[in-house]
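Here the structure comes first, spelled out in structure tokens, and everything after it is commentary.
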Amino acid sequence: MTSQPLDVERCYRAVESRDARFDGWFITAVTTTGIYCRPSCPTPVRPKREHVRFYPTAAAAQLAGFRACKRCRPDASPGSPEWNVRGDLVGRAMRLIADGIVDREGVRGLARRLAVSERHLHRLMLSQLGAGPLAIARAQRAQTARTLIETTDLALTDVAFAAGFDSVRQFNDTVREVFALTPTELRRTGRRRGDIAHGTLVLRLPYRPPFDWSSLLRWLQARSLPGISETAGNRYRRTLRLSRGAGIAALEPVNGHIACTLQLESMTDLTSAVRQCRRLLDLDADPASVVEVLARDRRLATHVKKRPGLRAPGAVDGTELAMQAILGQQVSLAAGRTLATRLVTAHGDVVKIADPTLSHLFPTAERIAEANLSTLGVPATRQATMRMLARTLAAGTFALDPGADRQQVYHQLLTMPGIGEWTAGYIVMRGLGDPDTFLPGDLGIRKAGARLGLGTSPSAIADHASAWRPWRTYATHQLWATLADH
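Using our numbering, read the sequence shown as starting at 306 and increasing by one per residue.
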């Protein structure tokens, strides 16, 4: 899926109606004021059509000389679901930039991961998005800086480097250009403070409603591993493996957003921690677009309209998700959790952050590749599969990260003994966040498909599912959800 030019008429209608569903899809810039906004900006004055410009990203608007609106805070919109749908080079690059790769490895590292030249990547992104990778990363740094300025008592010098800037001067200039305020002025407008003495931040993670938190929480609870994740009341908590240390996230819905409490060993991991949480909860999804497609199917329409906010949960760690998928082969969900818990207990890393219940990180691919897996209680063939995948990941042959080529990873997984279509598809669906994966051979899908009259064989159900593109992952979750109704 490649980028389509912005439909100016549709964009302007969204601005006229203040349609919040389009927040994050595009940026509205007004030439007479020099500011850019989200489509739903509550300003009482609607700009004239001839004074409006539309951009696919905030970075493109910034490059054109516009600065962020102080009223609607377009930088705080949900992310565009386009980057999750697209499997092309630009989509993969955007997912990696959002994960903080440019801050950690530079544009050269980003291009290396995508196996292209820096020049080609810049040219491609500039032509499609109006901004190159460095400008996109700069816009993201500005938002991270704003979050730290407004929600913590970190010294501004520390904020600069925690947000990924190379110098304090670069930090000051960027904040002033993007927000038309100095960092000191921005701090005065801050509404919240985190307990920075203990490395704790409290953030608001936006999403597009509706949001079926109860279904998502049940899903996560059923797959929680002791020491790594847990549910407590209406809150979900788990550990995070980050590039410079560990983290613990607590997530719960509050007044139209997800309240995210983060404890981080290193504040420089903030961007990655937020992205992991957003991927896990599928917060950049556009439920309206999903429902529009799936509800066209009369056999599925009633169920989709019953659960319009159903999310497709992702994963914070591709290795963790893949190993759990392998350990869960041909056993119950509870048995798979038991096996994964044994792996964590024997080979997981201990978290340094003091917490009464969350104590471990899932073992890395490098650790699993060299581990004695005979104590897990799984067949030798499954141990071999786990070890082969771990060694492949440790060697860097391919990666289970947001920037991976989904189709390439799927086919590479299928070459490994012990990994079939279901396991490979499940890893791509959740571990790589693919919104268009379907699992026709899944027992639950076959049961649901038969009940709904979609067919009795995997091939028949798969043929029927072709009409659900590009949202077959969401259809998969809708079909699984129907099983709870019987």
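We put the beta carbon where it would ideally sit given N, CA and C, even for glycine.
These numbers were taken from a predicted model, which means no experiment stands behind them.
Judged by pairs of C-beta atoms under 8 Å, the region 650-662 touches the region 546-559, as three or more such pairs exist.
A Cβ-Cβ separation of about 5 Å places Ser577 in contact with Gly405 under the 8 Å criterion.
Below 8 Å, too few C-beta pairs join the region 676-696 and the region 709-716 to call them touching: fewer than three. Met734 places its beta carbon less than 9 Å from that of Ala617.
In this chain, the alpha helix (DSSP H) harbouring Arg584 covers 575-586. With respect to the 9 Å criterion, Gln445 and Val395 are not classified as neighbours on the basis of their beta carbons. The alpha carbon of Ser382 has as its nearest neighbour, out of Arg318, Asp747, Leu311, Asp324, the alpha carbon of Asp324.
Between Asp591 and Asn677, the alpha-carbon positions lie close to 43 Å from each other. Between Arg583 and Asp574, the beta carbon gap of about 14 Å keeps them out of contact (Cβ cut-off 8 Å). A residue is called buried when at least 16 other Cβ atoms come within 10 angstroms of its Cβ; Ala537 does not meet this threshold and is exposed.
Cβ-Cβ separation between Trp785 and Asp602: approximately 16 Å, too far for a contact (criterion under 8 Å).
Within the same chain, and ignoring the five residues on either side of Ala699 in sequence, the residues whose Cβ sits closer than 7 Å to its Cβ are Ala670, Glu671, Ala674.
Leu426 places its beta carbon 9 Å or farther from that of Ala442. The count of Cβ pairs closer than 8 Å, one atom from the region 620-628 and one from the region 515-529, stays below three, leaving the stretches out of contact. Taking Asp741 as the centre and dropping the five residues before and after it, the same chain places the C-beta of Val390, Arg774, Pro775, Trp776, Arg777, Thr778 closer than 8 Å to its C-beta, in chain order. Thr333 is positioned such that its CB atom lies closer than 9 Å to that of Cys346. Restricting attention to Ser637, Pro668, Gly641, the CA atom closest to the CA of Ala651 is found in Pro668.
Assignment of Glu321 by DSSP, reduced to helix, strand and coil, places it in the helix class. The Cβ atoms of Arg509 and Ile563 lie closer than 9 Å to each other.
Counted as a single uninterrupted DSSP element, the stretch harbouring Ile454 is not any beta strand (DSSP E) but the alpha helix (DSSP H) occupying residues 438-456. Rounded to the nearest whole angstrom, the C-alpha separation of Glu490 and Phe371 is 19 Å. Exclusion of the five residues before and after Asp739 leaves Arg711, Val733, Thr778 as the residues of its chain whose Cβ lies within less than 7 Å of its Cβ. Taken atom to atom, the span from the alpha-carbon of Pro511 to that of Trp330 is near 14 Å.
The residues Val609, Lys610, Pro613, in chain order, have a CB closer than 8 Å to that of Val596 in the same chain once the five nearest residues on each side in sequence are set aside. Beta-bridge analysis with DSSP links Glu535 to Arg542. Inter-residue distance for Cys565 and Leu506 is about 8 Å (C-alpha atoms, whole angstroms). Judged by their CB atoms, Val473 and Ala450 are not nearer to each other than the 9 Å cut-off.
Under the DSSP assignment, Arg696 falls in the alpha helix (DSSP H) whose first and last residues are 685-700. As the crow flies, the alpha-carbon of Gly736 is around 35 Å from that of Asp458. Of all C-beta pairs linking the region 745-752 to the region 717-724, fewer than three are shorter than 8 Å, placing the two stretches out of contact.
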